[in-house]
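Participant: Position one of the sequence shown corresponds to residue 1 (the UniProt record's numbering), numbered consecutively onward.
A virtual CB, placed ideally from N, CA and C, is assigned to each residue, including glycine.
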Amino acid sequence: MEVRLNHYMLKLRLHKLADLRELCKQLMVRQNGKRDEVANRLVGYLLTPEGKREAKSKLPREFYERFYDERESDKSSVQVDCLCDGSVAGQVIKCTRCNRNQHIMCIGKQTQSENYECVSCQIIQMHPLDEVLEFLITPFWICKDSVSPCERSFECSFEFQQRIFDSRGELQVQIRCIRLDGIGYTQKWPKHGSLSINGKNAMEFTVSKNPNAKQRKDEILNISVLLANGKNTVGLLKYNDLDTYAAAVLLIKQKSEDTLIREITEKPGLSIEEGKEFVINKLARGDDDIVSESVKLSLKCPFAMTFMEIPVRAVNCTHIQCFNLATFVKLQRASRVNRWRCPICKGFAFNLIVDRYFESIIKTAMAEGTDMHNIEFFRDGSYKIITFDEYIADQEEDAIFKGSGPENVKAEDIENINRKRSRNEDEGVIPIKTPKIDGHNGSSSMKNGRSIEMIELD
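Shown next as structure tokens:
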């Protein structure tokens, strides 16, 4: 039967925080945090082989049987496509992308992800500029510390080799490896070990003992030139490394940057209505549940610092700020290590969508010849283009008010700001009132249209 993480979480959420902490105490698991944090930590431990063994010996039998559902008795009715090749039995979790079932014990910590994706799907998405045509060797475990490498083989005909040669680098046979104990989706070789192709050493893995040395950057490996006609054997060995890894060999076709950009722009993306609703929802419930009246964002791409032409963000990004599609894609191709990370939130950015609302605002402003620099979104989804002069005035105003009490604000500074901001009364710009600092009288000033009350305390 299919067992999902949410299923386990719901069971533990029925318990009080004190009960969960008592379970943690018996299992010697950290107890601090709110109830959901403790429950999530407890589930993560209980779903490991060690956690299950400890639970069976230390926790009440009733809890053990209820938590693990007892039972794997119907596992024969479930088709499992796992790294273990069927050598392991146990509860399974389904990939939300391809619907493959895999054993929770085989995958480890990655099953704690809310939208779990299997190793194959992670490897496929690792580099969007490469189109995966075929798995020559499906993902497999790299065995724990051993003197013998973990080996897998695939056949390579003369016609296949010629096809790759004629493609002039467009077709490649690659080895990709991910760490199952990590966040996934990222090329990670073992800390210590080696890779062999057809019995010949192709790469050594090591980590510097110097803590000040630069961190090793792992790259996807193209092994096309190392292939032989007939059977090809790939061997991976690791040692002095407690992490778990999975590797695969695949045939890919490189995409051009323009091809990927066209594919993304041809998708529906976020419509104008959806983009506006996204802004409204974000401002209605800001970070830490603090409601914001408005938010100011840059119209420039954080990479090139030029105005965005096709504003995008990753599907899972929760921020309003976008970045320019073409700039981002071209940087990924040029990068020695393919990161595919959002420049704003640092989350994975494999699946990009165009924000049509943001795009329409930029196109309209450019068509009208608007002097634009930033944009301010309001709670109702409306917006205002901020000109360069207004941006400079805001910067000067922030510099005046930041770090100084109202009593230190000089009248001439306020007047200077007003001259720059209120170029035309018809624009509806409210000037900043000059404060009266002398005596014990209260005075007021205006910063961005917000009243600041100055009160001198005895």
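With H, G and I counted as helix, E and B as strand and the rest as coil, what does DSSP make of Val315?
Facilitator: It is coil, neither helix nor strand.
Participant: Please determine whether the Cβ atom of Ala248 lies at a distance below 7 Å from any heavy atom of the ligand GDP.
Facilitator: Ligands are entirely absent from the displayed structure, and the ligand GDP is therefore not among its contents.
Participant: Taking Asn351 as the reference, which of Cys317, Ala326, Cys24, Arg336 has the closest Cα?
Facilitator: Nearest of Cys317, Ala326, Cys24, Arg336 to Asn351, Cα basis: Cys317.
Participant: Assuming Cys156 and Gly230 make a contact with CB atoms under 8 Å, what is their CB distance in whole Å?
Facilitator: Confirmed, Cβ separation roughly 7 Å.
Participant: When we look at the beta-carbon of Thr364 and count the other beta-carbons within 10 Å, is it buried (16 or more) or exposed?
Facilitator: When all chains shown are included, Thr364 counts as exposed.
Participant: Taking its Cβ as the centre, do 16 or more other Cβ atoms sit within 10 Å of Arg336, making it buried, or is it exposed?
Facilitator: So Arg336 ends up on the exposed side.
Participant: Hey, how far is the Cα of Ser444 from the Cα of Ala18?
Facilitator: Residue placement at Ser444 cannot be trusted, given a pLDDT of 39 that sits under 50; what the coordinates show is reported in the next sentence. So the two alpha carbons sit approximately 51 Å from each other.
Participant: Is the beta carbon of Cys121 closer than 8 Å to that of Gln102?
Facilitator: No; because the gap between Cβ atoms is not below 8 Å, this pair is not in contact.
Participant: Could you name the residues of the same chain whose beta carbon sits closer than 7 Å to that of Glu131, not counting the 5 residues immediately before and after it, in chain order?
Facilitator: Here the set comprises Ile252, Lys253, Lys255.
Participant: What is the DSSP secondary structure of Leu130, reduced to helix, strand or coil?
Facilitator: Before going further, note that residue 130 is Asp rather than Leu in the sequence given. Strand at Asp130.
Participant: Enumerate in chain order the residues of its own chain whose CB-to-CB distance from Arg30 is below 8 Å, with the five nearest sequence positions on each side excluded.
Facilitator: The residues are Cys24, Arg41.
Participant: Cα-Cα, which of Ile142, Leu129, Ile124, Trp141 is closest to Phe135?
Facilitator: Closest option to Phe135, Cα to Cα, is Ile124.
Participant: Pair every Cβ in the region 179-194 with every Cβ in the region 210-226, then say whether three or more of these pairs are closer than 8 Å.
Facilitator: The region 179-194 vs the region 210-226: in contact.
Participant: What is the rounded straight-line gap between the Cα of Asn424 and the Cα of Glu359?
Facilitator: At Asn424 the pLDDT is 41, less than 50, meaning the model places this residue with poor confidence and gives no usable figure here.
Participant: Shortest alpha-carbon distance to Ser271 belongs to which of Tyr357, Glu170, Met105?
Facilitator: Ser271 has its Cα closest to that of Tyr357, out of Tyr357, Glu170, Met105.
Participant: Return the CA-CA distance between Val315 and Lys217, expressed in angstroms with no decimal places.
Facilitator: Distance between the alpha carbons of Val315 and Lys217 is about 26 Å.
Participant: By how many angstroms is the C-alpha of Glu257 removed from the C-alpha of Leu195?
Facilitator: Taking the straight line joining both Cα atoms gives about 31 Å.
Participant: According to DSSP, is Ser208 helix, strand or coil?
Facilitator: Of the three classes helix, strand and coil, the one that applies to Ser208 here is coil, per DSSP.
Participant: May I have the straight-line CA-CA distance separating Gly199 from Lys209, to the nearest angstrom?
Facilitator: So the two alpha carbons sit approximately 29 Å from each other.
Participant: Buried or exposed, going by whether 16 or more other CB atoms sit within 10 Å of the CB of Met305?
Facilitator: Exposed is the call here.
Participant: State buried or exposed for Gln174, treating a residue as buried only when at least 16 other CB atoms are found within 10 Å of its CB.
Facilitator: By the neighbour-count rule (16 or more Cβ atoms within 10 Å), Gln174 is buried.
Participant: Of all the alpha helix (DSSP H) runs that stay within the bounds of the region 347-400, which reach a length of 4 or more residues?
Facilitator: Entirely contained in the region 347-400, the alpha helix (DSSP H) runs reaching 4 residues are, in chain order, 356-367.
Participant: Check Glu277 in the structure and name its three-state DSSP category.
Facilitator: Glu277 falls in the helix class under three-state DSSP.
Participant: Pick from Ala246, Val147, Ser292: whose alpha carbon is nearest that of Asn240?
Facilitator: Comparing Cα-Cα distances from Asn240 to each of Ala246, Val147, Ser292, the minimum goes to Val147.
Participant: Pick out the complete alpha helix (DSSP H) segments inside the region 16-45, 4 residues or longer, and give them in chain order.
Facilitator: Fully enclosed alpha helix (DSSP H) runs of 4 or longer: 17-27.
Participant: When the Cα atoms are used, what is the spatial distance from Asn212 to Glu266?
Facilitator: If you take the alpha carbons of Asn212 and Glu266, they lie about 46 Å apart.
Participant: If you reduce the DSSP assignment to three classes, tell me which class Cys345 lands in.
Facilitator: In this structure, Cys345 counts as coil in the three-state DSSP scheme.
Participant: Identify which residue in Glu273, Lys300, Ala246 has its Cα closest to the Cα of Cys84.
Facilitator: Of the listed residues, the one whose Cα sits closest to Cys84 is Ala246.
Participant: Which residue wins for smallest C-alpha separation from Leu180, given the options Gly235, Gln321, Cys143, Val80?
Facilitator: Taking only the C-alpha atoms, the option nearest Leu180 is Cys143.
Participant: For Thr327, collect the residues of the same chain with a Cβ closer than 8 Å to its Cβ; drop the 5 residues on either side in sequence, then sort them by chain order.
Facilitator: Once the five neighbours on either side are set aside, the close Cβ partners of Thr327 are Cys301, Phe303, Ala304, Thr306.
Participant: With the cut-off set at 8 Å, would you say Ile310 and Lys282 are in Cβ contact?
Facilitator: Cβ distance not < 8 Å, so Ile310 and Lys282 don't count as in contact.
Participant: For the beta strand (DSSP E) that Tyr64 lies in, which residues bound it at each end?
Facilitator: Segment 61-67 is the alpha helix (DSSP H) holding Tyr64; no beta strand (DSSP E) there.
Participant: If you draw a straight line from the C-alpha of Glu37 to the C-alpha of Leu242, how long is it?
Facilitator: Approximately 26 Å between the Cα atoms of the pair.
Participant: Whose C-beta lies closer than 7 Å to the C-beta of Lys16 among residues of the same chain, with five residues either side of it excluded?
Facilitator: Excluding sequence neighbours, Lys16 sits near nothing in its chain.
Participant: By the DSSP assignment, the beta strand (DSSP E) with Ala248 in it spans what residues?
Facilitator: Here the beta strand (DSSP E) through Ala248 covers 245-254.
Participant: Residues bridged to Gly90 by DSSP?
Facilitator: Looking at the DSSP assignment, Gly90 forms no beta bridge with any residue, so it has no partner.
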